[in-house]
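These notes concern the structure reproduced below.
Residue numbers (the working numbering): 20 to 289.
Here's what the structure looks like:
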């Protein structure tokens, strides 16, 4: 059973590690990125209609699988109703749903002063929105090295069996996968972080080197965190230049602290 899930985690790790790196570096993109993927659609169920008496028709509330809502302060609230969690991306990052074809509305107003960001988004590959939910890039150009921009992905994978594995086992599986799949990567740290009494996540940190599109050799650090919720696994991956990693990591850890679980919110609100 563990071998089966090791394969599942291995595949997901490859997806998350290369989805943005491939756009900024000369990395070979796996073939499953090249196929067109469907966008999220909402199929409403039939509304109830009046029969014998002229009562008002009832229209059920359609709840989308996911949403990305801009807040008053410019931050972006991502809500995944299927997996049952939300996370807040700060205004200093541009967050984009993985299922959109046109990134222009999301970078409008930023790209004028940040052409590197616009170019990076224009090179993004199409990915499976059933796994990858959002992509985010840092808008702080002081964190850039060459053409490499710090980036983050949020993904979910439905796995009723794997999501019930002890978190320490998942940390081990993911760590072994990093070492086996990326020979040049050096695993730096791994473990379980307790955010509060209700929330813990596993993590792995590693470094590697890449050549960017402008042929700049960049050493990057990556941190991948993962946690189960209901029948899903949520996996968030941060990639940043080594020289800027501490500053970017501090922002990432702040983002992790904003995670909320929807079922717990509803149960506490009555």
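From the three backbone atoms N, C-alpha and C, an ideal C-beta is built for every residue, glycine too.
None of these values were measured; they are calculated from a predicted model.
With a cut-off of 8 Å on Cβ pairs, the stretch 208 to 217 is not in contact with the stretch 165 to 185, counting fewer than three such pairs. Our two residues, residue 274 and residue 106, have alpha carbons roughly 7 Å apart in a direct line. In this structure, the alpha-carbon of residue 153 lies about 5 Å from that of residue 117. When rounded, the separation of the alpha-carbon atoms in residue 160 and residue 264 is 13 Å. Residue burial is scored here from C-beta neighbours: residue 111 has fewer than 16 other C-beta atoms within 10 angstroms and is therefore classed as exposed. Following the DSSP letters along the chain, one finds residue 125 in no beta strand (DSSP E) but inside the alpha helix (DSSP H) bounded by residues 123 to 126. Secondary-structure assignment with DSSP links residue 251 through a beta bridge to 177, 248. Contact between residue 205 and residue 225 holds: CB atoms are separated by about 6 Å, below the 8 Å threshold. Taking C-beta atoms as the reference points, residue 139 and residue 255 fail to come closer than 9 Å. Here residue 131 is exposed. Its C-beta has fewer than 16 other C-beta atoms within 10 Å.
Judged by DSSP in its simplified three-state form, residue 277 adopts coil rather than helix or strand.
Per the coordinates, the alpha-carbon of residue 114 lies some 31 Å from the alpha-carbon of residue 199. If you draw a straight line from the Cα of residue 85 to the Cα of residue 272, it comes to about 23 Å. The bridge partners DSSP lists for residue 158 come to none.
For residue 168, the closest of 109, 220, 157, 176 by C-alpha to C-alpha distance is 157.
When secondary structure is reduced to three states using DSSP, residue 211 falls in the strand class. Contact between residue 197 and residue 223 holds: CB atoms are separated by about 6 Å, below the 8 Å threshold. A distance below 6 Å between beta-carbons, with the five flanking residues on each side excluded, links residue 88 to the following residues of its chain, in chain order: 96. Annotated three-state conformation of residue 264 is helix, per DSSP. Per DSSP, the unbroken alpha helix (DSSP H) holding residue 188 starts and ends at 186 to 200. Collapsing the DSSP output to three states places residue 105 in a strand. In this structure, the beta-carbon distance from residue 249 to residue 282 falls below 9 Å.
Judged by beta-carbon spacing, residue 257 lies beyond the 9 Å limit of residue 279, meaning their Cβ atoms are not closer than that value. DSSP places residue 110 outside both helix and strand once states are collapsed to three, so it counts as coil. Across the structure, residue 236 and residue 262 are spaced so that their CA atoms are roughly 13 Å apart. For residue 221, the enclosing beta strand (DSSP E) has its first and last residue at 218 to 230.
A Cβ-Cβ distance of about 7 Å is found for the pair residue 251 and residue 176, placing them in contact under the 8 Å criterion.
The beta-carbon separation of residue 221 and residue 201, rounded to 18 Å, does not stay under the 8 Å limit for a contact.
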